[in-house]
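A.B. asks: Residue numbers (full-length UniProt numbering): 1 to 131. Input: one structure, supplied below.
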Amino acid sequence: MGFGLDFPIQGSDGQIDVPILLRNNSSARCTIQGFPDVEFQTINGSPWHLVSADDPIDPVSLAPGESTSAALVFLSAGTQEGASNWAPDSVLITPPNTTDTQRLEWTFGTILRQGATTYVRAVGAMDYGNR
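Take a look at the structure:
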């Protein structure tokens, strides 16, 4: 399974979706379902493990070379007094049902550290197209 982060998509409510693209790199059909494990980290190693959304968990069948996506959802850093802003340097992602964790550079800026607005969407919950 190959994976990576795609370009962010701005939502109408101010939230930003960063698609987590998951591609079947094998020569056989595979099925994936559930949530990727996602953890932000700062340069000093301080972690923030994200919660999962309340999405249905449906299997997604992928032929060789096909892809699907999950999503990392967040709000950009708040400017209001008392906002808990957080500047991650990287994000650790593990696709569902694997132990293949990869560290990816976080290039999307400072985020608002608030559990209710920063979470992971299930594989197949959003259709970002076959990228």
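Even glycine gets a Cβ: it sits at the ideal position worked out from N, Cα and C.
What number of angstroms, rounded off, separates the C-alpha of Q102 from the C-alpha of V51?
C.D. replies: Approximately 18 Å, taken between the alpha carbons.
A.B. asks: Around the Cβ of residue 139, are there at least 16 other Cβ atoms within 10 angstroms (buried) or fewer (exposed)?
C.D. replies: Absent from the model: residue 139. The displayed extent of the chain is 1 to 131, so no value can be given.
A.B. asks: From D37, V91, M1, pick the residue whose C-alpha is nearest to that of A122; which is it?
C.D. replies: The residue with the shortest Cα to Cα distance from A122 is D37.
A.B. asks: Let's test the definition: count the other Cβ atoms within 10 Å of the Cβ of A70 and tell me whether it reaches 16, buried, or not, exposed.
C.D. replies: Buried: at least 16 other Cβ atoms inside 10 Å.
A.B. asks: Which class does D55 belong to by DSSP, given the choice of helix, strand or coil?
C.D. replies: D55 falls in the coil class under three-state DSSP.
A.B. asks: Let me know if R113 comes out buried or exposed under the rule of 16 or more other beta-carbons within 10 Å of its beta-carbon.
C.D. replies: By the neighbour-count rule (16 or more Cβ atoms within 10 Å), R113 is buried.
A.B. asks: For S84, which residues from the same chain have a beta carbon less than 6 Å from its beta carbon, with the 5 sequence-adjacent residues on both sides left out?
C.D. replies: Only R113 meet the Cβ criterion.
A.B. asks: Alpha carbon to alpha carbon, how far is C30 from I93? Give it in angstroms, no decimals.
C.D. replies: Roughly 19 Å between the two C-alpha positions.
A.B. asks: Quick check: what's the CA-CA separation for S67 versus L22?
C.D. replies: Each residue's Cα considered, the two are about 5 Å apart.
A.B. asks: Would you identify the three-state DSSP class for W86, choosing helix, strand or coil?
C.D. replies: Here W86 sits in strand by DSSP.
A.B. asks: Do T98 and M1 have their C-beta atoms closer together than 8 Å?
C.D. replies: For T98 and M1, yes; Cβs fall inside 8 Å.
A.B. asks: Leaving out the 5 sequence neighbours to the left and right, which residues in its chain are closer than 8 Å to G115 when beta-carbon positions are compared?
C.D. replies: Around G115: V51.
A.B. asks: What does the alpha-carbon distance come out to for the pair S27 and S61?
C.D. replies: Cα to Cα, the separation comes out at about 13 Å.
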